[in-house]
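For the sequence shown, my numbering puts the final residue at 321, and the numbers step up evenly by one. The beta-carbon is built from N, C-alpha and C at its ideal position, and this holds for glycine as well. Note that the coordinates shown come from a computational prediction; the quantities given were computed from them, not determined experimentally. Below is one structure; the comments refer to it alone.
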Amino acid sequence: MRSREGTIQFIPTDRIRQSPFQPRKDFPEEALRELAESIRAHGVMQPILVRSKGEFYELIAGERRWRAAQMCGLQTIPAIIHEMDDKTALEMSLVENLQRQDLNPIEEALGYSALVEQFNLTQEEVAQRVGKSRAAIANALRLLKLPHFIQEYLRTGKITPGHARAILSLEDQTLQIQLANRIVNENLSVRQAERLATALSSGKKSRQKYTTSITKSPHIQTIETKLRQHFGTRVDLHYSAGIGMVQIHFFNDEDLTRILQLMGIQLE
């Protein structure tokens, strides 16, 4: 058989190796089992794409098909063999996964980052090669600035890129973590996350302005920290000569209800 892209051959599945340029890292077991059952019933309907690497072949596209073929015991798999350099291999693997929408946001961002860092491409050049706007590439790369565990929230689908943009609007990493946890724990929408980010940012600026004129003792600061952790929101403790005031901030009616419940107060 012949193909526009190259020669189709049946090659041994055990002579195929994963590519170091494969942007996709997550392969859910259940989805692989379903694909394996389909291959067992109908065969591999679309060849994988590989390049020669000595005695072996390196995968460029089709790793799910290869893994599933191994699961159902196939000894060979149809493959299109192409010769290409590392940059082209990464580009083709990235584009193939993007077209199939197989990548999570972090995998996509890491793929773009590899093109920029390893092959010295500009964001504009990356955009042209993968068929995206430069702004889309820039927004994706910004996700890699998030703390690692927030990146995991994105990787596993607990938050969306829209949520991530709201988190990135906060410069303070502590506030980023607080917002991310609130999004996940309270199932906040993107719009709610944006409003909360604005409130958290405003609260930090007000707090900074206040602390420039009044220095709180370490003991008071420790109490404030524990209260903030308990209520999951901004808490200010004002204390002088044995008297003072505790301010607990909330950002909407639902937030107020949540705080009252933490206090053991039930509204009728």
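Among the options, nearest to residue i - alpha-carbon criterion
i, options, result
"P81", "Q71, E116 and G295", "E116"
"Q62", "E87, Q181, L241 and I130", "I130"
"R311", "A122, P271, A142 and E239", "E239"
"R287", "V148, D308 and E247", "D308"
"E125", "L88, N173, G184 and E170", "Correcting the residue identity first, residue 125 is Cys in this sequence and not Glu. C125 has its Cα closest to that of L88, out of L88, N173, G184 and E170."
"E170", "M145, L280 and F74", "F74"
"F284", "Q314, G297 and Q123", "Q314"
"R235", "G96, M98, A250 and E177", "A250"
"E108", "R70, H302 and Y292", "R70"
"R182", "D225, A217 and S146", "S146"
"E326", "A114, A162 and A246", "Nothing can be reported for residue 326, as the shown portion of the chain is limited to 54 through 321."
"L156", "D306, M298 and R208", "R208"
"H302", "L290, G295 and Q99", "L290"
"T175", "S293, R104, A191 and K106", "A191"
"A180", "Y206, H201 and L151", "L151"
"R161", "T141, D79 and H95", "It is worth fixing the name first, because residue 161 is Glu in this sequence and not Arg. The candidate whose alpha carbon is nearest that of E161 is D79."
"T141", "Q319, R248, V103 and Q282", "V103"
"V299", "E205, Q99, Q274 and L320", "Q274"
"G297", "S186, A122, K269 and G317", "K269"
"A122", "V237, G317, I64 and H272", "I64"
"E247", "N173, K185, A219 and R86", "A219"
"S293", "E90, H272 and T278", "H272"
"S72", "D138, G184, Y206 and E90", "D138"
Short Cβ contact (9 Å threshold) for residue i with residue j
i, j, result
"T213", "I133", "no"
"A188", "Y165", "no"
"G210", "V243", "no"
"L221", "Q229", "yes"
"R77", "Y110", "no"
"V97", "R118", "yes"
"I92", "L127", "yes"
"N305", "Q245", "yes"
"I203", "A233", "yes"
"S105", "E83", "no"
"A217", "L199", "yes"
"I159", "L197", "yes"
Beta-ladder partner(s) of residue i, from DSSP
i, result
"E111", "R70 and R104"
"Q344", "Not covered by the structure: residue 344. The range shown for the chain is 54 to 321."
"A132", "Q62 and I101"
Beta-carbon separation (whole angstroms), residue i vs residue j, contact threshold 8 Å
i, j, result
"L280", "S254", "Their Cβ separation, rounded to whole angstroms, is 20 Å, which puts L280 and S254 out of contact at 8 Å."
"T143", "L163", "One point to set straight first is that residue 143 is Leu, not Thr, in the sequence displayed. Contact doesn't hold; Cβ gap of about 11 Å is too wide."
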